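Working notes for the structure below.
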């Protein structure tokens, strides 16, 4: 980032406005302004550069288009917006700016919010937020990662501060988890897909991986879709910040009932589907070709997601999927049937139990499933990482870089046939042992326990003696305090 802004300052800047906005509009109001500031500043910088030539090239739209810069008409420029920040019509001015942007840029059509003129939105507070962004979001080199990180911060912050509204945590995967999944997949080049892409964070992480390994962002092709209309728009804008081209379809759509990438196959699939989705089934799904292992449970979509993702992988494809904790051991008829068939296919590569409290939206643990269609044996790597990570607040845990590296290196050692089982953490289980455990994919069942820190009988006795001495000391101190308190009471009475 070319600039660093304290997250507390970012949040305080929007608090006053959010108290006076319909909760369903919170995200669009703030994220839309960040987007408008970014595209306007980028356009203005290019305009100034071209103007310095004194040949009229600043009026030629081709110069902007070839640099992936949106065309920003005069009434959508940030400077024009700021000139109305203290006027009651500021909301209408912003709505008009987004309409102008859509008219001049087909790829933005239908994704920009036009909600700023609502009577329920406090215009004075809106103007103050415009002024704040004007004074603080000024990355001089227009580093898209700077604006992207500001945008990403607000995406995650809304779920933390407004847990009772529709949770963006259901659409946003914490960075440490997406980083882990991408490091395992290693998407150097190829077609990347997410059937429930949320705000697009998985794609952002994939592009970072490519850049960090001296690749070009065009080495990967991005495909995805999202059912929530607001989140679909947010994802489209999020990818603009990162300079990423993506095919998220012409509209929001549900992957089960309206697959926008029907019959497409992908090299990599990375997904964080909604956990335990209940009302997803439609009678038309019966005998769908995507259910290679048979129809999934009609009342819980966990194995429907796994089946859909498996179907969409190329024959050499890999996938990383987050699943709720219960999926690995579910005994419902259809879940068990599909899990058994997937294990027998040999294409389940690894199951990784993650720590709890990683998500802002909920604190339960879950697993990362790694599928690999190029795999030729039925062994499965089990990793129990539930003790990794650090609590950064009362309820949120973060996987540190060293934690991610430990998990990824364990996976690489397994793939290179160089893995030493680590009791309590990792184990390569053969097919026979999985059958013996009735096709359970619970890592704890296979990795066992770490005996290295187990205390001897003598050490246990010493610990008991130490604790007993401490307790006796506290009891004595308690008696002294009780006697002193009694003396004070007696004096008061007399």
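Numbering (full-length UniProt numbering), first residue to last: 1 to 494. Glycine included, each C-beta is placed from N, C-alpha and C at the ideal position. Quantities reported herein were computed from a predicted structural model and do not represent experimental measurements.
Take the alpha-carbon of residue 13 and the one of residue 341: they are about 53 Å apart.
Residue 218 is classed as exposed because its beta carbon has fewer than 16 other beta carbons within 10 Å across all chains shown.
Looking at the DSSP output, residue 348 sits in a beta bridge with 371. Residue 287: not part of any alpha helix (DSSP H); DSSP gives it neither H nor E. Annotated as distal: residue 379 and residue 353, with beta-carbon spacing of 8 Å or more. Judged by beta-carbon spacing, residue 71 lies within the 8 Å limit of residue 104, meaning their Cβ atoms are closer than that value. In the structure shown, the three-state DSSP call for residue 223 is strand.
Annotated as proximal: residue 366 and residue 322, with beta-carbon spacing under 8 Å. Under DSSP, the beta-bridge partners assigned to residue 426 are 383 and 422. Judged by their CB atoms, residue 133 and residue 37 are nearer to each other than the 8 Å cut-off. Selection 58, 151, 57 and 45 evaluated against residue 30 yields 151 as nearest (Cα-Cα). In the three-state reduction of the DSSP assignment, residue 173 falls in the coil class, being assigned neither a helical nor a strand state.
Here residue 266 has 190, 191, 192, 193, 223, 312, 313, 314 and 317 as same chain residues with Cβ atoms under 8 Å from its own Cβ, once five neighbours each way along the sequence are excluded. Runs of the alpha helix (DSSP H) spanning 4 or more residues and lying entirely within the stretch 15-52 occur at 26-51, in chain order. In terms of CA proximity to residue 196, 305 leads the group 213, 250, 305 and 288.
With a contact defined as Cβ atoms closer than 8 Å, residue 86 and residue 127 qualify at about 5 Å. Residue 256 sits away from residue 293, with the two beta carbons spaced by 8 Å or more. Cβ-Cβ separation between residue 95 and residue 116: approximately 5 Å, consistent with a contact (criterion under 8 Å). With a cutoff of 8 Å on beta-carbon distance, residue 382 and residue 351 are scored as near each other. Residue 56 and residue 48 have their C-alpha atoms spaced approximately 11 Å apart. One thing to note: residue 125 has its Cβ no nearer than 8 Å to the Cβ of residue 100. The alpha-carbon separation between residue 39 and residue 447 amounts to approximately 51 Å.
DSSP places residue 248 in the coil class of the three-state scheme, outside both helix and strand. Inclusion of residue 176 and residue 399 in the CB contact set at 8 Å is warranted, their separation being smaller than that value.
Boundaries of the alpha helix (DSSP H) around residue 95: 90-104.
Annotation for residue 336: 330 and 439 place their beta carbon closer than 8 Å to its own, counting only its chain and skipping 5 residues before and after. Of 407, 324, 419 and 46, the smallest CA-CA separation from residue 356 is found for 324.
The beta carbons of residue 178 and residue 22 sit about 30 Å from each other, so the pair does not count as a contact at 8 Å. Assigned with DSSP and collapsed to three states, residue 240 falls in helix.
Non-local C-beta neighbours of residue 232 in its own chain, meaning closer than 6 Å and more than five positions away in sequence, comprise 226 and 252, ordered along the chain. The Cβ neighbour count for residue 391, taken over all protein chains shown within 10 Å, is under 16; the residue is labelled exposed. Spanning the alpha carbons of residue 78 and residue 129 requires a straight line of approximately 13 Å. Put simply, the backbone Cα of residue 486 is about 37 Å away from that of residue 461.
Using a 10 angstroms sphere on the CB of residue 469, the tally of other CB atoms stays under 16, which defines it as exposed. Per DSSP, residue 190 lies in no alpha helix (DSSP H) segment; the continuous beta strand (DSSP E) that holds it begins and ends at 190-194. In this structure, the alpha-carbon of residue 146 lies about 15 Å from that of residue 201.
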